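J.: I have a structure here, written as structure tokens, and I will follow up with some questions on it.
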Amino acid sequence: MRLHRLALTAFGPFGGTQTVDFDELSTAGLFLLHGPTGAGKTSVLDAVCYALYGSVPGARQGGGQGTTLRSDHAAPATRTEVTLELTVAGRRLEVTRQPPWERPKKRGTGTTLDKAQTWLREYDPTAGAWKDLSRSHQEIGEEITQLLGMSREQFCQVVLLPQGDFARFLRADAEARGKLLGRLFDTRRFADVEKRLAERRRVTEAQVRDGDAELLADAHRMQQAAGDAMELPELAPGEPGLAEAVLSAAAVARSTAREQLTVAACTLTAAESAQAAAGRALDDVRELDRLQRRFAEARDRAARLEHGAEAYREAQALMERARKAEAVAPALDLRESAEAEHRRAAAAEARARALLPETFADAGAAGLAAAARRAAEELGGLDSARRAERRLAELLDERAGLSRQERADTDLLQEAEAWLDGWESTRTRLQDRVEAAQQAAALAEQLAVRREPARQRLRAARLRDRLAQDTDQAVDRVRTARDETLAAKQHWLDLKEQRLNGIAAELAAHLTEGEPCAVCGATEHPAPARKVAGHVDREAEEHALTAYQRADEQRAEAERRLGAVREALAAATAEAGDTPTDRLAEELEQVEEQYAQARTAAAELHFAQERLRQAGQEHERRLAARQEAAVRTAARVGHRERLDRERAALEEELDRARGSLDSVAARAAQLERRTALLTDAADAARVAEDTAQRLKDADARLADAAFRAGFETPQAAADALLDNAAHRALQRRLDAWQHEEAAVRAVLAEADTAAAARAPQADLAAAQRAADEAARRLRDAASAHDAAGRRCAELDRLSARAAAAVRRLAPLREEYDRVARMAGLAAGTSADNERRMRLESYVLAARLEQVAAAATVRLRRMSSGRYTLVHSDDRTGRGRSGLGLHVVDAWTGRERDTATLSGGETFFASLALALGLADVVTDEAGGVRLDTLFIDEGFGSLDDQTLDEVLDVLDSLRERDRSVGIVSHVPDLRRRIHAQLEVVKGRSGSALRQRGAG
1492 MRLHRLALTA FGPFGGTQTV DFDELSTAGL FLLHGPTGAG KTSVLDAVCY ALYGSVPGAR
1552 QGGGQGTTLR SDHAAPATRT EVTLELTVAG RRLEVTRQPP WERPKKRGTG TTLDKAQTWL
1612 REYDPTAGAW KDLSRSHQEI GEEITQLLGM SREQFCQVVL LPQGDFARFL RADAEARGKL
1672 LGRLFDTRRF ADVEKRLAER RRVTEAQVRD GDAELLADAH RMQQAAGDAM ELPELAPGEP
1732 GLAEAVLSAA AVARSTAREQ LTVAACTLTA AESAQAAAGR ALDDVRELDR LQRRFAEARD
1792 RAARLEHGAE AYREAQALME RARKAEAVAP ALDLRESAEA EHRRAAAAEA RARALLPETF
1852 ADAGAAGLAA AARRAAEELG GLDSARRAER RLAELLDERA GLSRQERADT DLLQEAEAWL
1912 DGWESTRTRL QDRVEAAQQA AALAEQLAVR REPARQRLRA ARLRDRLAQD TDQAVDRVRT
1972 ARDETLAAKQ HWLDLKEQRL NGIAAELAAH LTEGEPCAVC GATEHPAPAR KVAGHVDREA
2032 EEHALTAYQR ADEQRAEAER RLGAVREALA AATAEAGDTP TDRLAEELEQ VEEQYAQART
2092 AAAELHFAQE RLRQAGQEHE RRLAARQEAA VRTAARVGHR ERLDRERAAL EEELDRARGS
2152 LDSVAARAAQ LERRTALLTD AADAARVAED TAQRLKDADA RLADAAFRAG FETPQAAADA
2212 LLDNAAHRAL QRRLDAWQHE EAAVRAVLAE ADTAAAARAP QADLAAAQRA ADEAARRLRD
2272 AASAHDAAGR RCAELDRLSA RAAAAVRRLA PLREEYDRVA RMAGLAAGTS ADNERRMRLE
2332 SYVLAARLEQ VAAAATVRLR RMSSGRYTLV HSDDRTGRGR SGLGLHVVDA WTGRERDTAT
2392 LSGGETFFAS LALALGLADV VTDEAGGVRL DTLFIDEGFG SLDDQTLDEV LDVLDSLRER
2452 DRSVGIVSHV PDLRRRIHAQ LEVVKGRSGS ALRQRGAG
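The sequence shown begins at 1492 in the working numbering and counts up by one.
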């Protein structure tokens, strides 16, 4: 990078326009930038930095995006502007920047703020003119940064060498050096690698811990299934060896469980055999006990038969008398029937007479019938009173209905009044909703108008971005076409020159002996020219000319297309402006979102209007209901008075008809009951007289039948007669005695029963206890066998799942071990990292070692071979190593810290370090050549000899075709350096004077 020209207007302390010709200053190699304190030496360097990066170093930038850079000495109508012309990467560029400017308004009073402006132009040596490249701040910033290969911070450290910073760098600790080197060499990617490894270690560790936690959970389940046969390892999730320990413990538990299953199977087989034997023994004892009990029961039954033989003979005699009495049974039944009928009739007569007043106690059937007829006649006269009573009940129901209607109307009126009281607030709320929806609809219409321009501007911005890329591509194609055109033209001219050089041979080819030469006219041709190898004929020249013309046409077409693309880009830029596409997209998105919200709110308009209309209809309905309720209330008053008058008349009539009773119905019921009782009593008296006569006739027929059957009296025959149930019971007793006697004789005759009776008494309880014990042992054995089987199955299932989990976790565990090892190495915490050096520190240490090596070359010349800078990676205290910087004193042969250098030694050491750092950062930035450097202050601390040596080192930079500007106000430098740029301070602002160059 080489600076050619700097022009600054109204910048810093410079009120007017000042120009610096760096080409003239650079001819001497060294030039001095000097001036009194506060004159503006640093502002010249700030202008260079601002032209390239749009900002100045450090706190001098201030706020407001460069508004503080404007000179206070400038005229109000003069705009701040910095123009820098430089060559970088073989391209000659011109950058012009204007910071934001608060200028006077063209009309009226006050000021207005103009936006910052930036231009980038490139000089076209072929056309001999400048061409515009871009006016976008972002594009220009990216282009300059890409060409220089350095950020603003790197540029300020490498091109504008601030000696104070490097003096502090020499005395700083490892952490401060790391921060500065990290900014210069941009080692954030290595820090990101450390963070990435640490984050990956945390993730994989968490995954391993989760997997180990699940494995331990399965181990606990296996321990619960195995009981005390499994011991868990005392390891936490994530610790090494956990998987192997769990699998080993599971294998031991499975082996123990299978042994227990085998033992349980043997025990179960033995228990089954014992239970079968005990069952057979119990069956034999039960059969013996049954036979013994059968024989004992037979003997007891025989004894009971012998004891009841007399009763059997008496039962046979009773059965014989009953057969004789069956001939008297019809007469007995007739007499009993007549007697029962007479008793029922007498009882009915007594009950009927008991219900009558005492005045009818001695009346006969005829007298009772006459009294019943008189009561019926009186009952017929109560029909009118019954109708009046029913009408009175209807009046009371109607009166109650009026009361219910009155209460309903009262509730209706209260509800209507309550609703109508809130009508105004309800109508206001609904009207507000309607108005809000109408406003939203209006807003939606406004936003709809704004949407399409915003969309068009966004489309134009996207077209602008695409055309900007097309412009760059078209520029490359034009450049390529121009190069191809120049090459084709040069090739054509070279061929033409070769053809002209060999034109004599081409003419000689057409010579004929005796014919005159077309050139000299001679007829003799003693030595015609011959064509040499590589001769260019007319056809080759024409081919080259055609290729050149075709390349020139392609160049013209590429330039035409470039112009068309630039015109389209200018049109798109005019429509879209300088606003970034992303911001336009955000603005359009905001408009679309506001439009959607407004449309949603406006959609409520119809619903709000409908609600308002419905509320109005409800209001009218409530008013009508209230009025109708008032009309019904007035009508009920007259109706109630009519009902009360009719009720009084009916009650008077009923009082006469009821008499002493409460109601006509009660009086009618009284008469109806009396008539019914008298009628029933008369009927009962007639029935009693008839049954008494039938009983007398039955007694006579019974006495005659008993005498003929052999009984002394009818009562004796009745006593001997048995009813059906007694006859069947007596017959069953006789049959049962006979059947029992036969059964007992059969049982006593059985041989096996008799043999069992002779055997010892069976012990059924002992046999049952033995069988129960065998069954219990069998159940216990079966339960133990099932439990052992389930334990084996559960352990197999859990072991298989644990083994699968271990296999699944194996790659993750390996990854965790690998990542943890790499993360520990990168972070400097691993035992393998002996110096505890982080990855970023390691990279910076390598850079620092390169810087120290490059600085030592110049430091040895500046210090007459005494000092050498060396990098040290020793640890300091308990901290980490890697960024130590020492100086080796050749006079003492000892190595010491750079903080022990004196003031002058620190200056030329920091200068050497700055120059070395500039070389290393330049190589790191891609090898961009830095042909112009500035060194700021520090020369006043050197003696004359050291100053000469330092100046010799700086002057040697010219060997690499560099120019070095020294910023200082040391008087001795003015005599030693002839090329000078002086900053003159004055009341109207500072000015620049250039002298001694050229």
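Beta carbons: idealized from backbone N, C-alpha and C, even for Gly.
Quick caveat, the model's predicted, so the values are computed rather than measured.
Using only the alpha-carbon positions, how far apart do Q1556 and P1590 sit?
T.: Counting from 1 along the sequence shown, the entry for residue 1556 is found at position 65. Counting from 1 along the sequence shown, the entry for residue 1590 is found at position 99. Any reading at Q1556 must be qualified, since the residue scores a pLDDT of 49, below 50, and its modelled position is unreliable; the value itself is stated next. Each residue's alpha carbon lies about 7 Å from the other.
J.: When we look at the beta-carbon of H2377 and count the other beta-carbons within 10 Å, is it buried (16 or more) or exposed?
T.: Looking up residue 2377 in the sequence shown gives position 886. Classification for H2377: buried.
J.: For the stretch 2267-2278 and the stretch 1817-1835, state whether three or more C-beta atom pairs, one from each stretch, are separated by less than 8 Å.
T.: The stretch 2267-2278 is not in contact with the stretch 1817-1835.
J.: With a cut-off of 7 Å, does the C-beta of L2392 fall near any C-beta of chain D?
T.: Absent from the structure: chain D. Only one protein chain is present.
J.: In terms of residues, what are the limits of the alpha helix (DSSP H) holding G1506?
T.: Here residue 1506 corresponds to residue number 15 of the sequence shown, with the count starting at 1. No alpha helix (DSSP H) contains G1506, which is instead part of the beta strand (DSSP E) from F1505 to D1512.
J.: Rounded to whole angstroms, what's the CA-CA distance from R1700 to A2294? Just pull it up for me.
T.: Within the sequence shown, residue 1700 is the residue found at index 209, counting from 1. Within the sequence shown, residue 2294 is the residue found at index 803, counting from 1. About 16 Å.
J.: Would C2283 and A1748 qualify as a contact pair, given that the criterion is a beta-carbon distance under 7 Å?
T.: Numbered from 1 along the sequence shown, position 792 holds the residue referred to as residue 2283. Numbered from 1 along the sequence shown, position 257 holds the residue referred to as residue 1748. Result yes, Cβ atoms of C2283 and A1748 sit closer than 7 Å.
J.: Check the C-beta distance from R1973 over to R2046 and give it rounded, since I have them as a contact under 8 Å.
T.: Along the sequence shown, one-based indexing puts residue 1973 at 482. Along the sequence shown, one-based indexing puts residue 2046 at 555. Correct: roughly 6 Å between the Cβ atoms.
J.: If we ignore side chains and look at the alpha-carbon of each, how far apart do G2201 and A2194 end up?
T.: Working through the sequence shown from its first residue, we reach residue 2201 at position 710. Working through the sequence shown from its first residue, we reach residue 2194 at position 703. In a straight line, the C-alpha of G2201 is about 11 Å away from that of A2194.
J.: Quick check: what's the CA-CA separation for W1610 versus V2475?
T.: As a working mapping, residue 1610 is identified with position 119 in the sequence shown. As a working mapping, residue 2475 is identified with position 984 in the sequence shown. W1610 and V2475: Cα-Cα distance of roughly 29 Å.
J.: For V2178, does the three-state DSSP call read helix, strand or coil?
T.: One-based indexing of the sequence shown puts residue 2178 at position 687. It is helical.
J.: List in chain order: all unbroken alpha helix (DSSP H) runs of 4+ residues lying wholly within the stretch 1578-1651.
T.: Whole alpha helix (DSSP H) segments, 4+ residues: 1628-1639 and 1643-1649.
J.: May I ask you to report which of helix, strand or coil DSSP gives R2327?
T.: Counting from 1 along the sequence shown, the entry for residue 2327 is found at position 836. Looking at R2327 - three-state DSSP - the assignment turns out to be coil, as it is neither helix nor strand.
J.: Does the Cβ-Cβ distance between R2185 and A1829 come in under 7 Å?
T.: By one-based count along the sequence shown, residue 2185 stands at place 694. By one-based count along the sequence shown, residue 1829 stands at place 338. The answer is yes: Cβ separation under 7 Å.
J.: Using DSSP bridges, identify the partner residues of H1525.
T.: Residue mapping note: residue 1525 aligns to position 34 of the sequence shown, counting from 1. Paired residues: E2473.
J.: Using the three-state DSSP reduction, which class does F1681 fall into: helix, strand or coil?
T.: Taking the sequence shown and counting its residues from 1, the one referred to as residue 1681 is at position 190. If DSSP states are grouped into helix, strand and coil, F1681 belongs with the helices.
J.: DSSP beta-bridge partners for L2360?
T.: Taking the first residue of the sequence shown as 1, we reach residue 2360 at position 869. Answer is V2378, bridged to L2360.
J.: In whole angstroms, give me the CA-to-CA distance for Q1654 and R1680.
T.: Looking up residue 1654 in the sequence shown gives position 163. Looking up residue 1680 in the sequence shown gives position 189. Any reading at Q1654 needs caution, since the residue's pLDDT is 49, under 50, leaving its predicted position unreliable; the model's value is listed next. Going by the C-alpha atoms only, they are around 28 Å apart.
J.: What is the DSSP secondary structure of A2403, reduced to helix, strand or coil?
T.: By one-based count along the sequence shown, residue 2403 stands at place 912. Three-state result, A2403: helix.
J.: I'd like to know if the stretch 2047-2061 and the stretch 1985-1994 are in contact, where contact means that at least 3 CB-CB pairs between them fall below 8 Å.
T.: In short, these stretches do not touch, since the Cβ pair count stays below three.
J.: Taking the runs of the alpha helix (DSSP H) that are 4 residues or longer, which of them lie wholly in the stretch 2187-2232?
T.: Complete alpha helix (DSSP H) runs here, min 4: 2205-2211.
J.: Could you give the residue range of the beta strand (DSSP E) that holds T1500?
T.: Here residue 1500 corresponds to residue number 9 of the sequence shown, with the count starting at 1. Unbroken beta strand (DSSP E) run through T1500: R1493 to F1502.
J.: Among all the DSSP beta bridges, which residues are the ones paired with R2385?
T.: Working through the sequence shown from its first residue, we reach residue 2385 at position 894. Its beta-bridge partners are D2380.
J.: A1907 and A2116: beta carbons closer than 7 Å?
T.: As a position in the sequence shown, residue 1907 is number 416, starting the count at 1. As a position in the sequence shown, residue 2116 is number 625, starting the count at 1. Yes; because the gap between Cβ atoms is below 7 Å, this pair is in contact.
J.: State the Cα-Cα distance for the pair V1855 and A2208, rounded to the nearest angstrom.
T.: Position 364 of the sequence shown, counted from the start, is the residue given in the question as residue 1855. Position 717 of the sequence shown, counted from the start, is the residue given in the question as residue 2208. In the sequence under discussion, the amino acid at residue 1855 is Gly, which differs from the Val named in the question. Near 39 Å, if we compare the C-alpha coordinates of A2208 and G1855.
J.: For Q1766, name the three-state secondary structure that DSSP assigns.
T.: As a working mapping, residue 1766 is identified with position 275 in the sequence shown. DSSP places Q1766 in helix when its eight states are reduced to three.
J.: Taking one C-beta from the stretch 1577-1589 and one from the stretch 1492-1500 each time, how about it: are there three or more such pairs within less than 8 Å?
T.: Verdict: yes, contact present.
J.: Roughly how many angstroms separate the alpha carbons of D2043 and R2051, rounded to a whole number?
T.: Within the sequence shown, residue 2043 is the residue found at index 552, counting from 1. Within the sequence shown, residue 2051 is the residue found at index 560, counting from 1. Near 12 Å, if we compare the C-alpha coordinates of R2051 and D2043.
J.: Assess contact between the stretch 1878-1892 and the stretch 2208-2220, defined as three or more Cβ pairs (one per stretch) separated by less than 8 Å. Is contact present?
T.: No: the two stretches stay apart, fewer than three of their Cβ pairs being nearer than 8 Å.
J.: If you measure between the beta carbons of L2490 and A1863, is that distance less than 7 Å?
T.: A question about residue 2490 goes unanswered here, because the residues of the chain that appear run from 1492 up to 2489.
J.: Whole-angstrom Cβ separation of A2089 and A1927, contact assumed at under 8 Å?
T.: In the sequence shown, residue 2089 corresponds to position 598, counting from 1. In the sequence shown, residue 1927 corresponds to position 436, counting from 1. With 8 Å as the limit, A2089 and A1927 do not qualify as a contact, their Cβ atoms being about 11 Å apart.
J.: Kindly identify the DSSP beta-bridge partner or partners of T1976.
T.: The residue labelled residue 1976 in the question sits at position 485 within the sequence shown. Answer is none; T1976 lacks a bridge partner.
J.: Just to confirm the assignment, what range does the alpha helix (DSSP H) spanning V2082 have?
T.: To locate residue 2082, count along the sequence shown from 1; it is residue 591. Per DSSP, V2082 belongs to the alpha helix (DSSP H) from T2072 to A2093.
J.: Tell me which residue opens and which closes the alpha helix (DSSP H) that G2054 is part of.
T.: Locating residue 2054 in the sequence shown gives position 563, counting from the first residue. Unbroken alpha helix (DSSP H) run through G2054: R2029 to A2067.
J.: Round the Cβ separation of R2127 and E1897 to the nearest angstrom and send it over; I've been treating them as touching at under 8 Å.
T.: One-based indexing of the sequence shown puts residue 2127 at position 636. One-based indexing of the sequence shown puts residue 1897 at position 406. Going by Cβ atoms, the distance from R2127 to E1897 rounds to 6 Å, so yes, they are a contact pair.
J.: Please report the straight-line C-alpha distance between L1480 and D2174, rounded to a whole angstrom.
T.: With the chain covering 1492 to 2489 only, the question about residue 1480 has no answer from this structure.
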